[in-house]
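Structure, as structure tokens:
There are 2 protein chains.
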Amino acid sequence: MKVALDAMGGDHAPAVNIGGAIDALRYYPKLQHLYLVGIEDVLREECKRQGLDLNDPRVSIVHAPEVIGMAEPGAKTVRKKKHSSISIAMDMVKEGKADAFVSAGNTGGAVAAATLKLRTLPGVDRAGIASALPNEYGICHILDAGANPEAKPEHLVVYAVMGTAFARGVLGVKDPKVGLMSNGEEDEKGTAFTKEAFKLLKQAPGINFVGNVEGRDLFESELDVVLCDGFVGNIMLKSIEATAKAV
Amino acid sequence: MKVALDAMGGDHAPAVNIGGAIDALRYYPKLQHLYLVGIEDVLREECKRQGLDLNDPRVSIVHAPEVIGMAEPGAKTVRKKKHSSISIAMDMVKEGKADAFVSAGNTGGAVAAATLKLRTLPGVDRAGIASALPNEYGICHILDAGANPEAKPEHLVVYAVMGTAFARGVLGVKDPKVGLMSNGEEDEKGTAFTKEAFKLLKQAPGINFVGNVEGRDLFESELDVVLCDGFVGNIMLKSIEATAKAV
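Protein sequence lines correspond, in order, to chains A and B. Using our numbering, you'd call the opening residue of the first sequence number 5 and step up by one each time. Using our numbering, you'd call the opening residue of the second sequence number 5 and step up by one each time.
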């Protein structure tokens with residue numbers, strides 16, 4: 005597998021990106037090639053500093069003169085900065101030069117670039133971000149964790165299908181359980197939005213919908229996918245991170 | 005101050021309620037009288053078991069033959085069970101026999117009973133639940149933590165006013181800071197709902213609105229009130245509790 009890495013994206017770029025590249029090359033022999041996409045001079049300097057040997061045939065730098073900052077509006081900036089590391093790395097996936105794209109950078113930018121350049125799968129209207137929460141049973145994904153803040157109920161059904169496919173195909177879960185995040189476990193709990201989503205999920209074929217779930221189910225239940233709109237998912241994820249840090 | 009305690013409400017009632025009553029009588033000399041509201045026989049037995057002396061002039065049992073279970077739909081059940089501990093305790097506040105009502109029971113039932121019997125303040129359309137999160141600066145209240153899941157933007161403005169009054173009057177904070185929970189701190193982040201609330205809060209007099217906040221601000225910022233609709237607040241609160249437990 006060939007991977008295009010946004011080497012300039014993130015709060016601590018490019019140091020942590022190059023550090024991650026070194027680890028990936030060391031621990032994943034299946035990684036055939038790693039493209040470090042970003043400002044060439046900066047990346048050469050950082051590779052030298054951290055001891056990443058650019059004569060290694062598995063690694064190369066792809067110059068991208070622009071960077072999308074963490075505070076910039078992602079979707080807008082992707083359209084403006086055609087030569088950003090996110091844009092150029094995503095183009096490599098589009099053109100088949102890379103099989104996958106990895107970024108720790110501007111989330112909105114990455115989602116917008118993926119949607120614009122790679123398009124969504126047939127039947128998928130909106131991209132979603134799956135964020136992994138480890139628990140004692142394995143991994144539960146919050147979906148959507150922020151790509152689509154004003155989701156429609158039918159978007160959640162498509163997330164359920166994609167989350168199920170990911171849990172089954174990538175994580176090897178036989179019959180992934182999908183829950184709907186709500187303000188109570190009873191069927192009648194929720195807002196007009198979640199009630200409509202609940203109805204659609206009940207009828208959707210090919211998914212194992214277990215009904216409404218609550219915060220505690222993220223950690224205490226055997227659950228593979230928790231569905232929510234991107235606004236709730238983003239707030240939930242950040243609150244969980246902040247609580248873990250505070251505790 | 006005279007307090008009416010819902011002695012039957014909660015997952016571990018009446019044992020923890022009577023345990024709490026014993027502590028309250030011991031540590032709060034300003035507590036003039038504590039009414040234990042619930043099924044008389046059950047409460048007598050529990051008081052005896054835990055050594056709460058019913059000859060103490062500061063405590064008495066008020067018989068309420070019905071109980072609203074934790075899994076019952078709160079608002080509906082309050083209307084049906086006229087003689088529940090929640091209803092009868094709330095009546096005591098209405099009639100001036102008690103100054104305050106305390107319950108660890110069915111949240112929807114308590115909110116519905118308060119709204120039906122005591123009514124909201126002038127100008128307040130909807131009740132809100134303020135849930136206290138301690139942090140290094142003091143206490144930050146999530147408001148609303150679940151009373152009003154489908155809030156309108158203008159409800160959040162009223163919550164801002166009430167939260168400010170509480171922080172100022174009860175907690176002694178001089179100029180309470182009020183934030184709006186969103187999926188990013190930038191002014192333009194959020195949904196149609198939060199953007200409208202943001203606009204109204206910017207214009208509202210008498211509150212110190214600091215703009216959009218995120219999960220980390222709950223613990224890492226000097227912030228007194230975090231506004232959100234009851235759906236988001238409920239999910240956020242339960243996720244925080246679950247994370248703290250898991251960590």
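Cβ coordinates follow ideal geometry from the N, Cα and C atoms, glycine included. Predicted, not measured: the structure shown is a model, and the values here were computed from it.
| query | Under 7 Å between C-beta atoms, does A248 of chain A make it to chain B? | reply | yes
| request: Can you say whether Y163 of chain A is buried or exposed, counting buried as having 16 or more other CB atoms within 10 angstroms of its CB? | output: buried
| query | Taking Cβ positions, are G13 of chain B and A108 of chain B nearer each other than 7 Å? | reply | yes
| Less than 6 Å between the CB of K80 of chain B and some heavy atom of the ligand SAM, yes or no? | The model depicted lacks the ligand SAM and carries no ligand whatsoever.
| request: Mind listing the chain B neighbours of L231 of chain A? Cutoff is C-beta to C-beta under 9 Å, in chain order. | output: What L231 of chain A touches in chain B: nothing, since even the nearest Cβ is about 12 Å away.
| message | Tell me the rounded alpha-carbon separation between L160 of chain A and G234 of chain A. | response | 10 Å
| Pairwise C-alpha distance: S64 of chain A and I239 of chain B | 45 Å
| Start and end residues, alpha helix (DSSP H) containing C51 of chain B | E44 to Q54
| field | Members of the region 63-92 of chain B that neighbour chain A once the beta carbon cut-off is set at 7 Å | value | none
| Going along the region 130-160 of chain A in order, which residues come within less than 8 Å of chain B, judged by CB to CB distance? | N139, G150, P153 and E154
| field | Endpoints, the alpha helix (DSSP H) within which D95 of chain A is located | value | S89 to K98
| request: Could you please give the first and the last residue of the uninterrupted beta strand (DSSP E) stretch that includes I146 of chain A? | output: G142 to L147
| message | Counting only Cβ pairs nearer than 8 Å, list the residues of chain B close to V236 of chain A. | response | F235, V236 and I239
| Are there three or more Cβ pairs, one per stretch, closer than 8 Å when the region 179-187 of chain B is compared with the region 148-156 of chain B? | no
| Of the listed residues B:A79, B:N110, B:L120 and B:P77, nearest to K98 of chain B (C-alpha basis) | B:L120
| query | So, helix, strand or coil for E70 of chain B, using DSSP? | reply | strand
| task | Return the chain-ordered list of same chain residues with a C-beta closer than 8 Å to the C-beta of K34 of chain B, the five sequence neighbours on each side being excluded. | result | M5
| request: Name the one or two DSSP bridge partners that M12 of chain A has. | output: M12 of chain A is not bridged to any residue.
| query | Is there a Cβ from chain B that is less than 7 Å from the Cβ of G219 of chain A? | reply | yes
| Measuring CA to CA, which of A:M166, A:A104, A:M96 and A:Y141 is closest to D129 of chain A? | A:M166
| request: Ignore the nearest five residues each way along the sequence and tell me which others in L38 of chain A's own chain have a CB closer than 7 Å to its CB. | output: V7, L9, A25, A28, L29, R62 and V63
| Applying the criterion that 16 or more other CB atoms from any shown protein chain within 10 Å of the CB defines a buried residue, is K242 of chain B buried or exposed? | buried
| Curious, which full-length beta strand (DSSP E) runs of at least 3 residues does the region 110-144 of chain A contain? | 134-139
| request: Return yes when the Cβ of E154 of chain A is within less than 7 Å of the Cβ of T195 of chain B, no when it is not. | output: yes
| Nonlocal neighbours in the same chain, by C-beta distance under 7 Å from V41 of chain B, ignoring five residues either side | A8, L9, D10, A11, V66, A68, S89, I92 and A93
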